[in-house]
Each structure stands twice: as C-alpha cells, then as structure tokens.
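The sequence shown runs contiguously to residue 1494 in our numbering. Think of the CB as a built atom: it goes at the ideal place given N, C-alpha and C, for glycine as much as any other residue. Everything below concerns the one structure shown next.
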Amino acid sequence: AGSIEYLAERQVIGVPVTYGSGDKRVILGALILMDRASTMADDGDSCDALLGNAECEVAESFAAMLGAVLGARKVAELGKELSMAQTIQQQILPEGPVELGGFDVAADYFACGAVGGDYYDYLTLADGRTMVVVADVSGHNLASGMIMVGARAMLRTTALVHDGPAQVFTRVGELMYQDLTRTERFLTAAAVTLQPDQRTVEYVSAGHNDLMIFRAASRSVERVESEDCILGFLPSEKYQARQLLLQSGDCILLYTDGIPEAMDSDGEMYGEDRLAHLFAQLATDQSAKSILDGIIES
1197 AGSIEYLAER
1207 QVIGVPVTYG
1217 SGDKRVILGA
1227 LILMDRASTM
1237 ADDGDSCDAL
1247 LGNAECEVAE
1257 SFAAMLGAVL
1267 GARKVAELGK
1277 ELSMAQTIQQ
1287 QILPEGPVEL
1297 GGFDVAADYF
1307 ACGAVGGDYY
1317 DYLTLADGRT
1327 MVVVADVSGH
1337 NLASGMIMVG
1347 ARAMLRTTAL
1357 VHDGPAQVFT
1367 RVGELMYQDL
1377 TRTERFLTAA
1387 AVTLQPDQRT
1397 VEYVSAGHND
1407 LMIFRAASRS
1417 VERVESEDCI
1427 LGFLPSEKYQ
1437 ARQLLLQSGD
1447 CILLYTDGIP
1457 EAMDSDGEMY
1467 GEDRLAHLFA
1477 QLATDQSAKS
1487 ILDGIIES
C-alpha cells in the first residue's frame, strides 16, 4: 500500500532518467507513468486507458531530455564547487619558500585532478624550529581535499604547543583517528625539522615514501624508510624522530607518491629508483629550485 504499483489501475511504465553514457552513465532518477486516467469509448461508456508503445516512446524521449537538462545543471554546480575547492586548496599552501640560514628550500604542488589530497607546509614549532612537512591523503577527489584541509589545521595548531615533530605526529594521529576511520581514508606524512645554520635535523615519517638524502661527498643518494605506521591507523601510535647529520652540499628530498607513480603512455610507472638516480644527477651544485624543476620536467 502506498507504492506506485498500488496507485496504478493496471500498468506502470518506469523509465530511468540518466546523464552521460557508457561507464560514466549516471542515474539521476526515474520517470513514472500510471494508467489511472479513463477515456470515453465510442458507445459512451468509460474504459481504462492502457499504456502502449506510443506512451513508452514519449516517456523515453521526455526522460532523455530531462536527464540532459538536470545532468548539465548538476555538472555546472559541481564544476563551481570543484573550482572553489581548488582555489581554497591553492590558497592554503605557502606563498613562497621558507628562508632559513644555511638552508636553500623549494617546494611546489601539482594535483592530477581539480582537487587532491596532497599537502606541504612550513610549520613553526613551540621551540622556534621550522618543521617542513609533506602529507598525502588517500584518494584524489573532493573528499580527500576536505580531509587534507582539516589535517592542515590540526598540524598547524598542534605544532604551536609541541617542541618536536614526533609529538606533533602523535597528537595529530590521535585527533584524526575517528575521522579517517569513518571516511575510510588514510594519511601518510613526513617532516624534517630545521634550525638555522645547524647541520643536525630531526626526521619523522608516518608510513610515507622514503626520504632521499643526496650526500655531496659521495655523490650518492641515501634512502631512509619509514618505520612508523600511517596517521590515524591506530588510535594511539607513538611516533619516533630520528637525527640526521647533514654536511655542506647535502640535499633532502620530500615528495608524495604522485612522483614515483606517474605513468607514461605505456603505463610504466616512473618509480623511486628512477627518481633517486635523477636526484643524484640534479643535486650536484644546484639550487633547490633547479632540482625541483628538473624532477617535475622529468
């Protein structure tokens, strides 16, 4: 009772209202025709109006037009939302590189879609040191971008009250555990903490890509694997920082999986080995901006 079939006398025609085609076809709703109306027969008696091929053709034609109009409107609305989200995401990234005595820093961001889940920032810790952080939320859509905006706020707020990157990651992991679990997302991140004119830096990683260090003395690249799990995977994970000693000319590379997972026309991934080899070539007596530009071009 109360269903569409119950309201009809004998027949119901249901036609899907769709937009797009193939695997991109989206069902927006349904157009329903029922035979509740009656018509007068030639002898003056009333009779039920049955639905036939003509009504089916009219319904299908009208549903197609309705789908085109509603679909175009939805796409336009989504386009505006994505454009706004893209603008917001670009605006929350640093305006320029951080300036630290003894260090040359460069960074950039490119999303494979309108909105992505990658992020980088320069944070000031409670003890005055600068934490350079790179993070990556799983997925490449609006939801990932929204989670990243929240992660950015938590990282910035938490950094102000903690002296070390490990404490920051531990607290952010606790704060984001519920959100990441509910949305079935995960967050990897890595950070190095710098102090002007100091050769020792602190490094912490939450399941992120290998940190790469170009050693000028040997002209080789050292790769440091992450030893801790992704942020928000466990409700209370304690992160550990490692001390890295740099010499004059050494260079650190932080990146997300967008670089090694970039694919050519044949579907071959760029890979971390290729990245490490290129990094060793570019890092010799080059500025941070030149190294960055060379990696992006490759």
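Pairwise C-alpha distance: residue j and residue i
i: A1403; j: A1347; result: First, the residue type needs correcting, since residue 1403 is Gly and not Ala in the sequence shown. Computed Cα separation, rounded: 16 Å.
i: L1441; j: I1409; result: 10 Å
i: S1461; j: G1445; result: 36 Å
i: P1430; j: Y1373; result: Reading off the sequence shown, one finds Leu at residue 1430, where the question assumed Pro. Spanning the two alpha carbons is a distance of roughly 7 Å.
i: R1221; j: G1467; result: 34 Å
i: L1383; j: G1490; result: 27 Å
i: P1456; j: M1230; result: 57 Å
i: G1324; j: Y1318; result: 12 Å
Option nearest residue i by Cα separation, candidates the options
i: A1255; options: G1298, L1430, T1353, G1210; result: G1210
i: Q1443; options: R1395, P1212, A1250; result: R1395
i: F1299; options: D1375, R1367, P1392; result: P1392
Simplified DSSP assignment, three categories, for residue i
i: Q1363; result: helix
i: G1428; result: coil
i: Q1477; result: helix
i: I1487; result: helix
i: F1258; result: helix
i: M1236; result: In this prediction, M1236 has a pLDDT of 49, which is less than 50 and means its spatial position is unreliable; what the coordinates show is noted afterwards. Reduced to three states, the DSSP call for M1236 is strand.
i: S1242; result: Any reading at S1242 needs caution, since the residue's pLDDT is 47, under 50, leaving its predicted position unreliable; the model's value is listed next. In the structure shown, S1242 sits in a strand (DSSP, three-state: E or B).
i: L1289; result: coil
i: L1442; result: coil
Identity of the residues DSSP links to residue i by a beta bridge
i: Y1318; result: V1328
i: G1225; result: V1213
i: M1408; result: R1419, L1449
i: V1333; result: L1383
i: Q1207; result: DSSP output for Q1207 lists no bridge partner at all.
i: V1388; result: V1328, Y1399
i: M1230; result: V1208
Close beta carbons around residue i, own chain, < 8 Å, minus the five adjacent residues each side
i: T1320; result: T1326, M1327, A1355, L1356
i: L1488; result: A1302, A1303, D1304
Sequence-distant residues of the same chain with beta carbon closer than 6 Å to residue i, five excluded per side
i: A1412; result: G1445, D1446
i: S1494; result: L1474
i: K1434; result: T1366
Cβ-based neighbour list, residue i, same chain, cut-off 7 Å, excluding 5 preceding and 5 following
i: D1432; result: Per the sequence shown, residue 1432 should be read as Ser rather than Asp. For S1432, where only same-chain residues beyond five positions count, the Cβ hits under 7 Å are E1370.
i: C1252; result: I1209
i: V1397; result: V1388, T1389, L1390, L1440, L1442
i: A1322; result: L1356, V1357, H1358, D1359
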